[in-house]
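Student: For the sequence shown, position 291 (counting from the first letter as 1) is numbered 291 according to UniProt numbering, and the numbering increases by one without interruption.
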Amino acid sequence: MARRAGRALRRVFASSPAAETAAVTQAAHAIQQPVATGRQIAVSSIRGGAGKSTVAALLALTYAHYRSDPVLAVEADPALGTLPHRLGAREVRWSGSDLAQIVDPAMLITDLTGYLLPFAGGGWLLPGSQGAIGTRLDLDTYRIVMTSLRRHFAATVVDCETLPAEVARTALVTTQARVVATPATPEGVAATRAVLDWVGGLHSGLLPTTVVVLTHTSPDSALDVRRAAEHLGAGGAAVLPLPYDRHLAAGGAIRTELLGERTREAAARIAAEVMDRAVSREPGRQQQQRQTTVHPPGQPPVYVPGQATVSPPPQDPQRAPAPAGPQAHAQQQQPQPQPQPAPGYHPPQAAPPAPAPPQGPAPQGTPPQGPPPQGPATQPMPTMPVAPPQAAGTPQAAGPPEGPGAPTAPDQRSPFDGGPVP
Numbered sequence: 001m002a003r004r005a006g007r008a009l010r011r012v013f014a015s016s017p018a019a020e021t022a023a024v025t026q027a028a029h030a031i032q033q034p035v036a037t038g039r040q041i042a043v044s045s046i047r048g049g050a051g052k053s054t055v056a057a058l059l060a061l062t063y064a065h066y067r068s069d070p071v072l073a074v075e076a077d078p079a080l081g082t083l084p085h086r087l088g089a090r091e092v093r094w095s096g097s098d099l100a101q102i103v104d105p106a107m108l109i110t111d112l113t114g115y116l117l118p119f120a121g122g123g124w125l126l127p128g129s130q131g132a133i134g135t136r137l138d139l140d141t142y143r144i145v146m147t148s149l150r151r152h153f154a155a156t157v158v159d160c161e162t163l164p165a166e167v168a169r170t171a172l173v174t175t176q177a178r179v180v181a182t183p184a185t186p187e188g189v190a191a192t193r194a195v196l197d198w199v200g201g202l203h204s205g206l207l208p209t210t211v212v213v214l215t216h217t218s219p220d221s222a223l224d225v226r227r228a229a230e231h232l233g234a235g236g237a238a239v240l241p242l243p244y245d246r247h248l249a250a251g252g253a254i255r256t257e258l259l260g261e262r263t264r265e266a267a268a269r270i271a272a273e274v275m276d277r278a279v280s281r282e283p284g285r286q287q288q289q290r291q292t293t294v295h296p297p298g299q300p301p302v303y304v305p306g307q308a309t310v311s312p313p314p315q316d317p318q319r320a321p322a323p324a325g326p327q328a329h330a331q332q333q334q335p336q337p338q339p340q341p342a343p344g345y346h347p348p349q350a351a352p353p354a355p356a357p358p359q360g361p362a363p364q365g366t367p368p369q370g371p372p373p374q375g376p377a378t379q380p381m382p383t384m385p386v387a388p389p390q391a392a393g394t395p396q397a398a399g400p401p402e403g404p405g406a407p408t409a410p411d412q413r414s415p416f417d418g419g420p421v422p
């Protein structure tokens, strides 16, 4: 009772509601960040009883709670794993071996869910066996199942065998992130350090996407968590604790409403850290984050967790922007109005045209002769005796006769300049 009261007082005076709200919001954003392809997360340990299946179940429940897209939990350790029991599965009808024999790349997710078991939060479970003792998942079955199901689920949590089993080794190098469950004891920390050195020797990019979870199986742990994190974090791995919880220690199905507050917060932090490291391996994402982002002037940048900010393409200062929208398109199509001359105005002529007797109609399409009009028009316009120059494409009316009874001159304009169409 005294220890419980002391922990409550430390929570009251050591933290504030604003800081707790900010931490929960940050973890939720990291868990909910979009992914381009399904993220696969392998959970393993150095030995049995380290809390491997418990950590895998907590991750699957947390992702299913926070994410709106499908989440899958796969049991790849049917001999020693307890993932179906932790997720509350009452019966097992199909296993991974059964699904590997009938799965087809053309199958939809609605076709696959008939072979899966639902669990709390909206997630799906694929057991490793139908409860047979000693059943093991072979490597070919694991590859077929994971390759076929990856594109249908945003996050897949795999409860692997203990290291260095064959399926566990394959999962370490083929998944986007990996979690190593470690008992919070000096022996567990020393053994896990040796495993991390072995993992780092397989590939240089494995440790930066690895998360070590220190599982506390006793309320009175004497382990210095800070020193253990410094020792295990060498090489780039993240180290996070999972505190002791009476509901988890009792075994059986995990009910999130019965978990302690510290356990729920720790599970959210672990899930957020794992998702961050799984998404960071997407091709080109790290390179995009290192680039300088240019935002439009007057508009603040919009940040979406897990999504690279897209910069607008540079514009040529000598090129006018293209109009957008139907209204701008209509303005571009319609000609600008031209100023109308005053009544009785006649443009200056170089010399009055000599009267000519009426002649036969000129061949169609022959442009009229005469000096071009003076003005800002870019195309040559025909000069008529009376009418002022008009915009290109506007039909021109023939000028009135110069005197009463004067013969009307035939319209010799081209059809492209407003003349009659033959």
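Cβ coordinates follow ideal geometry from the N, Cα and C atoms, glycine included.
Please name the residue in A23, D69 and L61 whose C-alpha comes closest to that of T37.
Tutor: Comparing Cα-Cα distances from T37 to each of A23, D69 and L61, the minimum goes to D69.
Student: With a cut-off of 8 Å on the beta carbons, I'd call L72 and G114 a contact; round off their distance for me.
Tutor: Not really, about 14 Å apart at Cβ, beyond 8 Å.
Student: According to DSSP, what are the bridge partners of A42?
Tutor: Answer is V158 and R178, bridged to A42.
Student: May I ask you to verify whether the segment 81 to 96 touches the segment 175 to 187, counting CB pairs closer than 8 Å and requiring at least 3?
Tutor: Result no; under three Cβ-Cβ pairs closer than 8 Å.
Student: How big is the Cα-Cα spacing for R193 and D111?
Tutor: Roughly 43 Å separates the two Cα atoms.
Student: Under the rule that 16 or more other beta-carbon atoms within 10 Å means buried, what is H203, buried or exposed?
Tutor: So H203 counts as exposed.
Student: Identify the continuous alpha helix (DSSP H) that holds A60 and give its terminal residues.
Tutor: Looking at the DSSP string, the run of the alpha helix (DSSP H) that includes A60 is K52 to Y66.
Student: Alpha carbon to alpha carbon, what distance is there between V158 and A278?
Tutor: So the two alpha carbons sit approximately 14 Å from each other.
Student: Taking a contact to mean a Cβ-Cβ separation below 9 Å, would you say V239 touches V211 in this structure?
Tutor: Yes, Cβ-Cβ distance for V239 and V211 is below 9 Å.
Student: Scan the segment 234 to 258 and note each continuous beta strand (DSSP E) run of 3 residues or more that stays entirely inside, going in chain order.
Tutor: Runs found: 238 to 242.
Student: So what does V211 bridge to, in DSSP terms?
Tutor: According to DSSP, V211 bridges with V179 and A238.
Student: Between the C-alpha atoms of G260 and F153, what's the straight-line distance to the nearest angstrom?
Tutor: Roughly 29 Å between the two C-alpha positions.
Student: Go to G201, then tell me how far its alpha helix (DSSP H) extends in each direction, as first and last residue.
Tutor: Where G201 is concerned, the enclosing alpha helix (DSSP H) stretches over P186 to L202.
Student: Do you know offhand how far Y244's Cα is from L58's?
Tutor: One C-alpha to the other measures close to 14 Å.
Student: Indicate the three-state DSSP secondary structure (helix, strand or coil) for A19 in the structure shown.
Tutor: The answer is helix: DSSP assigns A19 an H, G or I state.
Student: With DSSP as the reference, identify every bridge partner of G88, one or two as the case may be.
Tutor: DSSP, once it has assigned bridges, lists no residue as partnering G88.
Student: Go ahead and pull the three-state DSSP assignment for L83.
Tutor: Three-state DSSP puts L83 in a helix.
Student: With a 10 Å radius around its C-beta and 16 neighbouring C-beta atoms as the bar for buried, classify Q101 as buried or exposed.
Tutor: Answer is exposed; the Cβ neighbour count stays below 16.
Student: Straight-line CA distance for V195 to G201?
Tutor: Between V195 and G201, the C-alpha separation is close to 10 Å.
Student: If you reduce the DSSP assignment to three classes, tell me which class G123 lands in.
Tutor: Strand at G123.
Student: Note down the Cα distance separating G236 from A229, rounded to an integer number of angstroms.
Tutor: Cα-Cα distance, rounded: 11 Å.
Student: Which residues mark the beginning and the end of the alpha helix (DSSP H) in which L139 is found?
Tutor: Residues L139 to L149.
Student: Can you find the residues in the same chain that come closer than 7 Å, C-beta to C-beta, to L116, ignoring five residues on each side of it along the sequence?
Tutor: The answer, listed in chain order, is W124, L125 and L126.
Student: Is it true that the CB of L149 sits closer than 9 Å to the CB of V167?
Tutor: It is not a contact, given that the beta carbons lie outside the stated cut-off.
Student: Just to confirm, are A184 and V225 a CB contact at a threshold of 9 Å?
Tutor: Yes, they are a contact pair.
Student: Taking the Cβ atom as the reference point for each residue, do V189 and L232 lie within a distance shorter than 9 Å?
Tutor: The answer is yes: Cβ separation under 9 Å.
Student: Would you list the one or two residues that DSSP bridges to A266?
Tutor: The partner list for A266 (beta bridge, DSSP) is empty, contrary to what the question assumes.
Student: Which residue's Cα is closest to the Cα of residue 423: A19, A18 and Q26?
Tutor: The structure shown does not extend to residue 423, since the chain spans only 1 to 422, so no value can be given for it.
Student: Which term fits P218, buried or exposed, when burial requires 16 or more other beta carbons within 10 angstroms of its beta carbon?
Tutor: It is worth fixing the name first, because residue 218 is Ser in this sequence and not Pro. Its Cβ having fewer than 16 others within 10 Å, S218 is exposed.
Student: Residue range of the beta strand (DSSP E) that A73 falls in?
Tutor: Taken as a continuous stretch (DSSP letters only), the beta strand (DSSP E) holding A73 covers V71 to E75.
Student: Buried or exposed: A18, going by 16 or more other Cβ atoms within 10 Å of its Cβ?
Tutor: Exposed, because fewer than 16 other Cβ atoms sit within 10 Å of the Cβ of A18.
Student: Could you give the residue range of the alpha helix (DSSP H) that holds G260?
Tutor: Run containing G260: none; DSSP gives neither H nor E here.
Student: Going by beta-carbon coordinates alone, are T209 and G51 separated by less than 9 Å?
Tutor: No, the pair does not count as a contact, with Cβ atoms beyond the cut-off.
Student: Taking the alpha helix (DSSP H) that Q101 falls in, what are its first and last residues?
Tutor: Per DSSP, Q101 belongs to the alpha helix (DSSP H) from G96 to I102.
Student: Starting from the C-beta of D77, find all residues in its chain whose C-beta is less than 7 Å away, skip the five residues before and the five after it, and write them out in chain order.
Tutor: Correct list, in chain order: G128, D159, C160 and E161.
Student: Expressed to the nearest angstrom, what Euclidean distance is found between the alpha-carbon atoms of L206 and S280?
Tutor: Approximately 12 Å, taken between the alpha carbons.
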